[in-house]
Amino acid sequence: MKHLVMTTLAGLLVAAPAFAIDVKIALNGANDPETNAEAAFIEGFSEALDGTEFTVSVFPSNTLGSERERFDQIAQGLLEVNLATASTPYGMSPMMRGVALPFMFESADEFDAVMAQTDLLPMMNEPLLPNGIRLAGFNYIGMPIGIHNTSVPVTTMEDLQGLRLRALNAEQLAYIQALGASGTVVSWAEVPNAIQTGVADGYLNPPNSAIRTGHTEFLRHFTQASIAPSTRIILVSEDWYGALSDEEQAQIDAAIEAGITANREWIENWSGIVEQRHVDAGVTLSTLEEGEREDMVAATRPTWDDVMEPDHLQAFIDAVASVRD
C-alpha cells in the first residue's frame, strides 16, 4: 500500500505542469517586425524561448513608462528586459558615453567586433551590476547615423551652417555645434512639432527613422555621413537574472543572442530597400564631397575629451585599435 501511494505521488509530480516564468520586455517603439528593428530582436528572442518555461509579454510604445521609468523598473526587478536608448545609463555608467561618440567606429560591423573581442562590455557593466542592471548587448535601429533636414542638400560641412538640428542630449549637442550647425535638445516625442514650427531644421539619425515615423513629409533631404552606428541597448534585471538557475540563464543568454542575430538580419535586409523608400517619399539623397567626412572627424574629435573621462576614452581608443590591428 505504501509503495502504491508513493508510486501514485511520483506520477502526479511528473505529470504536474511546470510553472511559467514571465519575461516582460519593453520598448519605446511599435512591436512591428516589418518596420522596427527592435521588434525584430523581440521576435528572435521570443522564438528562441519556445519550448522553455519562459513566456514573453511585450509592452511597446512606452506603455510601461518613459526611458527613465523603465530603467528604474529594471533596477528594481519590476521589469525583466528593456530595450533602451544608449544614453539612459550614462549617470550610472559614464563609460557608456563612448558608445555614441561621433566617428569612433568606422562601421556597425567594427562596433560589433569591438564589443565581442574586448573587455569594454564588462567594464561598462561594472557599475551597473551592483545596482541591479545588466547590459546584455546592443541593438541597431537602422543604418548608421546621417543628417536629415528640411531644406538643404548637405554635401559639405559648410552646408550645415545656419541649420539648427535637434539633439538627443548634451553630448550630441556638442558635436552638432562642432560640425558648424546650431542645436537644441528636444525630446523625441516633440520632434515633429519642433521641426514643423521651425524650432529645429532636422536631426541626426539613421535613414529609416524619418521613413518609419512619417517625418519624410517635412524632412526632404538626407545625407549618409556614417557618424556612428544607430545603437540602442538591451538591459536585463540583474536581480531577476541572478535568481534563475544556470540552465535558465543559459536559455536567456541564447535568446538574447538569437534576438541580436535577428536584429542584424533585419538591418541587412533593410539596407537594400531604404534608399528606394527615400526616393519614393520624394527625399533628396546626397553624399559628402571627397574629404568632407575626414574634416568632420577632425572637427568633432575634441568633443570626445569633453564628454569622456580620460581613462574611459583611452579604453575605447585602445579597444578599437586592437580590433583594427
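In mature numbering (1 follows the signal peptide of the UniProt record, and there is no 0), the protein residues as written are -20 to -1, 1 to 305. For every residue, glycine included, the Cβ atom is placed at its ideal position computed from N, Cα and C.
Considering only C-alpha positions, which residue in the set the options is nearest to residue i?
{"i": "Val132", "options": "Val259, Phe198 and Met76", "result": "Phe198"}
{"i": "Glu170", "options": "Glu227, Glu248, Arg146 and Ile1", "result": "Arg146"}
{"i": "Ala93", "options": "Gly71, Gly117 and Asn105", "result": "Gly117"}
{"i": "Val134", "options": "Met276, Thr283, Thr98 and Arg304", "result": "Met276"}
{"i": "Thr32", "options": "Pro13, Ile1 and Leu59", "result": "Ile1"}
{"i": "Met72", "options": "Asn42, Asn105 and Gly78", "result": "Asn105"}
{"i": "Asn62", "options": "Thr98, Arg304 and Phe39", "result": "Phe39"}
{"i": "Ile253", "options": "Met95, Val3 and Glu14", "result": "Glu14"}
{"i": "Ala190", "options": "Ala150, Arg257, Arg144 and Glu151", "result": "Arg257"}
{"i": "Thr196", "options": "His128, Asn149 and Ile297", "result": "His128"}
{"i": "Glu60", "options": "Val3, Leu143, Ser37 and Arg144", "result": "Val3"}
{"i": "Trp168", "options": "Gln176, Ser37, Leu148 and Thr177", "result": "Leu148"}
{"i": "Leu293", "options": "Ile54, Gly78 and Leu44", "result": "Gly78"}
{"i": "Asp219", "options": "Leu109, Glu151 and Gly194", "result": "Leu109"}
According to DSSP, is residue i helix, strand or coil?
{"i": "Ser131", "result": "coil"}
{"i": "Gly126", "result": "strand"}
{"i": "Thr35", "result": "strand"}
{"i": "Ser302", "result": "helix"}
{"i": "Asp2", "result": "strand"}
{"i": "Leu109", "result": "helix"}
{"i": "Phe83", "result": "coil"}
{"i": "Thr283", "result": "helix"}
{"i": "Ser26", "result": "helix"}
{"i": "Ile297", "result": "helix"}
{"i": "Arg146", "result": "strand"}
{"i": "Arg273", "result": "helix"}
{"i": "Val179", "result": "coil"}
{"i": "residue 324", "result": "The displayed coordinates of the chain run from -20 to 305. Any statement about residue 324 would go beyond what the structure contains."}
{"i": "Gly262", "result": "coil"}
{"i": "Ala161", "result": "coil"}
{"i": "Asn16", "result": "coil"}
{"i": "Val166", "result": "coil"}
{"i": "Ser217", "result": "strand"}
{"i": "Arg78", "result": "Checking the sequence shown, residue 78 turns out to be Gly, not Arg. DSSP places Gly78 in helix when its eight states are reduced to three."}
{"i": "Arg212", "result": "strand"}
I believe residue i touches residue j by the beta-carbon criterion, under 8 angstroms. Please report the beta-carbon distance rounded to the nearest angstrom.
{"i": "Ala154", "j": "Asp286", "result": "6 angstroms"}
{"i": "Ile236", "j": "Phe25", "result": "7 angstroms"}
{"i": "Ile213", "j": "Leu115", "result": "6 angstroms"}
{"i": "Tyr70", "j": "Ser210", "result": "With 8 angstroms as the limit, Tyr70 and Ser210 do not qualify as a contact, their Cβ atoms being about 18 angstroms apart."}
{"i": "Asn16", "j": "Arg192", "result": "7 angstroms"}
{"i": "Thr267", "j": "Pro82", "result": "Incorrect: roughly 18 angstroms between the Cβ atoms, too far for contact."}
{"i": "Glu49", "j": "Val303", "result": "Not really, about 36 angstroms apart at Cβ, beyond 8 angstroms."}
Anyone know if the C-beta pair for residue i and residue j falls short of 8 angstroms?
{"i": "Gly57", "j": "Thr130", "result": "no"}
{"i": "Glu269", "j": "Thr136", "result": "yes"}
{"i": "Gln141", "j": "Gly160", "result": "yes"}
{"i": "Ala66", "j": "Ala80", "result": "yes"}
{"i": "Ser217", "j": "Gly112", "result": "yes"}
{"i": "Ala295", "j": "Met103", "result": "yes"}
{"i": "Asn188", "j": "Met84", "result": "no"}
{"i": "Asn185", "j": "Ile247", "result": "no"}
{"i": "Trp100", "j": "Ala301", "result": "First, the residue type needs correcting, since residue 100 is Leu and not Trp in the sequence shown. Contact: no."}
{"i": "Thr68", "j": "Phe51", "result": "yes"}
{"i": "residue 308", "j": "Tyr221", "result": "Nothing about residue 308 can be reported from this structure: the residues present for the chain run from -20 to 305 only."}
{"i": "Ala238", "j": "Ala28", "result": "yes"}
{"i": "Ala234", "j": "Glu23", "result": "no"}
{"i": "Pro74", "j": "Glu289", "result": "yes"}
{"i": "Ala158", "j": "Thr283", "result": "yes"}
{"i": "Ala96", "j": "Leu215", "result": "no"}
{"i": "Ala174", "j": "Val166", "result": "yes"}
Between residue i and chain B, is the shortest Cβ-Cβ distance under 8 angstroms, so that the two count as touching?
{"i": "Pro13", "result": "Although the question refers to chain B, the structure presented lacks it and comprises just one protein chain."}
Notebook entry, point to check: For the segment 217 to 227 against the segment 5 to 24, are there 3 or more C-beta pairs whose distance is under 8 angstroms?
Noted result: Output reads no: the segment 5 to 24 does not touch the segment 217 to 227.
Check: Is the number of C-beta pairs between the segment 245 to 265 and the segment 191 to 205 that are closer than 8 angstroms three or more?
Finding: yes
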